[in-house]
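In terms of our numbering, the sequence shown opens at residue 270 and continues consecutively.
Built from N, CA and C at the ideal position, the CB exists for glycine as well.
Worksheet: one structure, shown below.
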Amino acid sequence: MIEQTNQAKLTHLYQQTLNVLWAVALICLPFTSFPLLVNLTGAVVAPLAAIPIGLLIILWFIPYVLKRGSLPREITPLLIFILIVLLGCALAYFLEIPGFKGRSIIDQELRALVTLVIGLAFFLVFSTWPRDEAHLIATYRWLNISGLIIVTWTFIEAYYIFFQDYQYPNWMLTIQEWLVVQTPNFMFRGRRVMGFTYEASWFAHQMIILYIPLWLASTYQRTSAFKFRFLRLSVENILLCLGVALFFLASPRIGLISFLLVIVFIFIKLNLSLIRRLVAFISHSRLFKNLPSRAPLRVSATILITLLLLVGYVLLLIGVIFFASRYDYRMELLVTDPPTWLEIKGFLTLDETVLLSLAHRLVFLERMVYWFTGWHIFNDYPWLGVGLGNAGFFAIKQTPAIGWASYEVRSILFYWPQLPNTKNFWVRLLAETGLVGFSVFFAWLVTLFNSARLTLKSNKSRLVIFAFMGQLSLIALLGEGFSIDSFAMPYYWVAAGLIASAGYVYRKQLRSSPQLP
270 MIEQTNQAKL THLYQQTLNV LWAVALICLP FTSFPLLVNL TGAVVAPLAA
320 IPIGLLIILW FIPYVLKRGS LPREITPLLI FILIVLLGCA LAYFLEIPGF
370 KGRSIIDQEL RALVTLVIGL AFFLVFSTWP RDEAHLIATY RWLNISGLII
420 VTWTFIEAYY IFFQDYQYPN WMLTIQEWLV VQTPNFMFRG RRVMGFTYEA
470 SWFAHQMIIL YIPLWLASTY QRTSAFKFRF LRLSVENILL CLGVALFFLA
520 SPRIGLISFL LVIVFIFIKL NLSLIRRLVA FISHSRLFKN LPSRAPLRVS
570 ATILITLLLL VGYVLLLIGV IFFASRYDYR MELLVTDPPT WLEIKGFLTL
620 DETVLLSLAH RLVFLERMVY WFTGWHIFND YPWLGVGLGN AGFFAIKQTP
670 AIGWASYEVR SILFYWPQLP NTKNFWVRLL AETGLVGFSV FFAWLVTLFN
720 SARLTLKSNK SRLVIFAFMG QLSLIALLGE GFSIDSFAMP YYWVAAGLIA
770 SAGYVYRKQL RSSPQLP
């Protein structure tokens with residue numbers, strides 16, 4: 270009897286420990302570069318949440334797998350991708366890879382594989398730990414709390430940027446020093462908020478990949494994790510407004526494209542329903558009751574309404590660009606010196622000379638140089654790439670000629686100790702894993718999107734929220750992939766894991782209750 274009591278206490282303590290670690294992991298998500306991990310790994314992508322996630326892998330996930338715990342079916346393409354990565358890394362030793370900065374192939378591949386393992390760890394835990402609706406509800410609540418923390422901190426930061434000329438109080442600088450490594454000149458960063466991230470673009474990335482989709486999905490579904498209301502507004506409604514405002518204060522460029530992709534996706538969902546209703550209203554109007562056939566009327570009405578909505582979206586896009594141009598000098602160049610028609614044609618046809626020239630004029634040259642460097646590598650090694658982490662070895666050979674005129678590019682090539690990278694997730698996949706790896710990884714994203722679409726049929730609001738949030742995150746990732754190229758950035762892995770988890774719970778409910786929709 271005593272042994273059973275002690276066993277029950279130990280089991281309870283174990284479960285409570287796991288619950289605490291899960292809550293800590295969610296609270297720590299906004300911190301991208303924890304100083305201790307940065308010092309240990311030498312990498313600036315060192316999320317604080319990796320510590321509790323690592324402990325959950327050891328204390329829970331490994332025993333869970335050993336007990337034959339089930340994994341979500343969405344993991345299958347990802348495992349195939351990992352096998353392709355390992356094959357590409359092995360075959361890289363048979364390629365003529367030039368030496369550069371005294372780095373070895375095995376060192377670069379191991380560092381890159383570690384980042385992939387970190388991302389995989391986030392996906393595995395987030396796709397298996399919330400294994401029922403109760404766990405998803407708790408996850409929903411803790412994600413909102415972590416979002417509330419980052420929004421509160423960043424608004425304080427914005428106050429000192431815009432009203433106190435960067436004169437941060439000592440307590441704020443101390444907390445910042447303890448929790449996150451930031452760019453050396455973070456106090457003079459052009460009036461851009463950064464939150465608890467290494468740089469402003471990372472803050473925009475975490476907001477548009479995770480938090481804004483969560484709050485958009487909650488607002489769209491009219492669901493909240495809390496009973497609190499302010500003027501009939503839920504916590505998620507308020508956080509959405511504040512989060513979007515802070516997102517724009519980070520002055521994103523690629524992030525702005527990601528945001529617009531998300532908004533267009535939501536508008537398409539709304540407008541398909543709106544168009545159907547308007548067409549039905551017009552076709553049944555008394556004004557057209559004498560028409561012999563209403564089919565041409567419905568077609569004409571659909572075309573007219575669609576064109577009007579498209580015009581509205583174009584005007585909205587122009588308004589967003591003009592608004593952003595008032596706070597970011599680089600966006601201002603897009604307004605004061607817009608691309609010519611010939612440059613637009615070259616852009617649409619991916620003319621390298623035109624793209625590099627346009628990027629130079631819009632103060633975007635370095636990024637475009639990195640992208641074309643990776644693209645040239647892919648052209649030479651199209652099937653399996655040069656192996657994960659090895660693209661930097663080819664930088665001297667493949668850098669476009671105009672890149673040598675850039676001080677930043679020359680510094681990265683000759684003075685910085687680390688190898689250059691492509692600064693583009695999609696180009697990196699092509700250069701380092703080839704068309705095969707890129708196709709399988711993209712197939713994994715499509716699998717996740719379809720899984721989320723199935724879960725949207727659930728009558729459980731929390732499952733629907735995570736499914737819709739996941740769709741928005743994947744849409745945003747299409748744009749963010751042109752800005753972030755690290756596997757260790759956890760936010761898209763978190764979104765992918767929550768899609769898989771919600772899908773697993775929904776399919777389990779379907780099996781137990783076939784009458785569910």
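Cut-off 6 Å between Cβ atoms - residues of its own chain near W640, not counting five sequence neighbours on either side: Start at 1 with the first residue of the sequence shown, and residue 640 comes out as number 371. For W640, same chain residues with a beta-carbon under 6 Å away, outside a window of 5 residues either side, are N693 and V696 in chain order.
Residue from F647, F756, P651 and S493 whose Cα sits closest to the Cα of T408: As a first step, residue 408 must be located in the sequence shown, where it is residue number 139. Selected option, being the one with the closest Cα: S493.
I734 versus K726 - alpha carbon distance: What you label residue 734 is simply residue 465 of the sequence shown in a count that begins at 1. What you label residue 726 is simply residue 457 of the sequence shown in a count that begins at 1. I734 and K726 have their C-alpha atoms roughly 11 Å apart.
F633 beta carbon less than 7 Å from that of I646: In the sequence shown, residue 646 corresponds to position 377, counting from 1. In the sequence shown, residue 633 corresponds to position 364, counting from 1. It is not a contact, given that the beta carbons lie outside the stated cut-off.
For L355, the three-state DSSP class (helix, strand or coil): Sequence index remark: in the sequence shown, residue 355 carries index 86 (1-based). The answer is helix: DSSP assigns L355 an H, G or I state.
C-beta atoms of P399 and S770 nearer than 7 Å: As a position in the sequence shown, residue 399 is number 130, starting the count at 1. As a position in the sequence shown, residue 770 is number 501, starting the count at 1. In this structure, S770 lies closer than 7 Å to P399 by Cβ.
G338, enclosing alpha helix (DSSP H) - first and last residue: Reading the sequence shown from its first residue, position 69 is the one you call residue 338. Neither: G338 is in no alpha helix (DSSP H) and is coded neither H nor E.
Per DSSP, cross-strand counterpart(s) of L502: The count along the sequence shown starts at 1 and reaches residue 502 at position 233. Answer is F499.
Buried versus exposed, by CB contacts within 10 Å (16 or more), M758: Here residue 758 corresponds to residue number 489 of the sequence shown, with the count starting at 1. Burial call: buried.
The stretch 738-752 in contact with the stretch 481-492 per 3-pair CB rule at 8 Å: The stretch 738-752, when compared against the stretch 481-492, does touch it at the 8 Å Cβ threshold.
Residue environment, Q475, which counts as buried when at least 16 other CB atoms sit within 10 Å: For the purposes of this step, residue 475 is identified with residue 206 of the sequence shown, where counting begins at 1. It is buried - the Cβ of Q475 has at least 16 other Cβ atoms within 10 Å.
Length of the line joining the Cα atoms of T286 and A294: Translated into the one-based positions of the sequence shown, residue 286 becomes position 17. Translated into the one-based positions of the sequence shown, residue 294 becomes position 25. Straight-line measurement puts the Cα of A294 at about 12 Å from the Cα of T286.
Continuous alpha helix (DSSP H) stretch holding S770: start and end: The count along the sequence shown starts at 1 and reaches residue 770 at position 501. If you look at S770, you'll find it in the alpha helix (DSSP H) that goes Y760 to S781.
Paired residues, beta bridge with S302 - DSSP: For the purposes of this step, residue 302 is taken as the residue at position 33 of the sequence shown. Bridge partners of S302: A315.
M738, DSSP secondary structure in three states: As a first step, residue 738 is located in the sequence shown; it is residue number 469 there, counting from the start. Looking at M738 - three-state DSSP - the assignment turns out to be helix.
Cβ pair count under 8 Å reaching 3, the stretch 704-724 against the stretch 344-352: At 8 Å Cβ cutoff, the stretches touch.
Residues near W644 in its chain [Cβ-Cβ closer than 8 Å; skip 5 each side]: Start at 1 with the first residue of the sequence shown, and residue 644 comes out as number 375. For W644, same chain residues with a beta-carbon under 8 Å away, outside a window of 5 residues either side, are V696, L699 and A700 in chain order.
C-alpha distance - A660 paired with N728, whole-angstrom precision: Position 391 of the sequence shown holds residue 660. Position 459 of the sequence shown holds residue 728. Spanning the two alpha carbons is a distance of roughly 47 Å.
Simplified DSSP assignment, three categories, for M463: Locating residue 463 in the sequence shown gives position 194, where the first residue counts as 1. Note: M463 maps to coil in three-state DSSP.
V462 classed as buried or exposed, judged by whether at least 16 other C-beta atoms fall within 10 angstroms: Reading the sequence shown from its first residue, position 193 is the one you call residue 462. That one is buried.
For F472 and L282, the rounded distance between their alpha carbons: As a position in the sequence shown, residue 282 is number 13, starting the count at 1. As a position in the sequence shown, residue 472 is number 203, starting the count at 1. Rounded to the nearest angstrom, the two C-alpha atoms are 36 Å apart.
Euclidean distance between Cα positions of F465 and F424: Your numbering for residue 465 matches position 196 in the sequence shown. Your numbering for residue 424 matches position 155 in the sequence shown. Their Cα atoms are separated by approximately 12 Å.
Stretch pair the stretch 327-343 + the stretch 673-691: three plus CB contacts closer than 8 Å: Contact between the stretch 327-343 and the stretch 673-691 is absent, because fewer than three Cβ pairs lie under 8 Å.
Same chain, Cβ closer than 8 Å to M456, five either side skipped, listed in chain order: By one-based count along the sequence shown, residue 456 stands at place 187. For M456, the pLDDT reaches just 48, beneath the cut-off of 50, and the residue's location in the model is therefore unreliable, although a value from the coordinates is still provided. Leaving aside the five residues that flank M456 on each side, the residues in its chain whose CB is nearer than 8 Å to its CB run, in chain order, Y435 and Y437.
Outcome for T274 when other beta-carbon atoms lying within 10 angstroms are tallied against a minimum of 16: The sequence position of residue 274 within the sequence shown is 5, counting from 1. Exposed.
E446 to P321 span [Cα, whole Å]: Translated into the one-based positions of the sequence shown, residue 446 becomes position 177. Translated into the one-based positions of the sequence shown, residue 321 becomes position 52. Approximately 20 Å between the Cα atoms of the pair.
Coarse secondary structure for V632, derived from DSSP in three states: Translated into positions along the sequence shown, residue 632 becomes position 363. Note: V632 maps to coil in three-state DSSP.
Burial state of P669 (16 or more Cβ within 10 Å): Along the sequence shown, one-based indexing puts residue 669 at 400. Buried, because 16 or more other Cβ atoms sit within 10 Å of the Cβ of P669.
Through-space distance from G772 to S720, alpha-carbon basis: What you label residue 720 is simply residue 451 of the sequence shown in a count that begins at 1. What you label residue 772 is simply residue 503 of the sequence shown in a count that begins at 1. Between the C-alpha atoms of S720 and G772 there is a straight-line separation of about 6 Å.
CB of L657 within 7 Å of CB of E378, strictly: Along the sequence shown, read from residue 1 onward, the residue named residue 657 stands at position 388. Along the sequence shown, read from residue 1 onward, the residue named residue 378 stands at position 109. Remark: C-beta atoms of L657 and E378 approach each other more closely than 7 Å.
Option nearest M637 by Cα separation, candidates I665, V678, Q284 and Y429: Sequence index remark: in the sequence shown, residue 637 carries index 368 (1-based). The alpha carbon of M637 has as its nearest neighbour, out of I665, V678, Q284 and Y429, the alpha carbon of V678.
Q490, DSSP secondary structure in three states: The count along the sequence shown starts at 1 and reaches residue 490 at position 221. In the three-state DSSP reduction, Q490 falls in the helix class (H, G or I).
Supposed close pair I523, F751 - CB separation, criterion 8 Å: Within the sequence shown, residue 523 is the residue found at index 254, counting from 1. Within the sequence shown, residue 751 is the residue found at index 482, counting from 1. The beta-carbon separation of I523 and F751, rounded to 5 Å, stays under the 8 Å limit for a contact.
Through-space distance from F497 to F395, alpha-carbon basis: Your numbering for residue 395 matches position 126 in the sequence shown. Your numbering for residue 497 matches position 228 in the sequence shown. Cα to Cα, the separation comes out at about 27 Å.
When V774, V314, V763 and R780 are compared against W291, the one with the closest alpha-carbon: Residue 291 sits at position 22 when you count from the first residue of the sequence shown. When the alpha-carbon of W291 is set against those of V774, V314, V763 and R780, the nearest one is in V763.
Inter-residue spacing [alpha-carbon to alpha-carbon] between V417 and F516: Locating residue 417 in the sequence shown gives position 148, where the first residue counts as 1. Locating residue 516 in the sequence shown gives position 247, where the first residue counts as 1. Residue 417 is actually Leu in this sequence, not Val. In this structure, the straight-line span from the alpha carbon of L417 to that of F516 is close to 14 Å.
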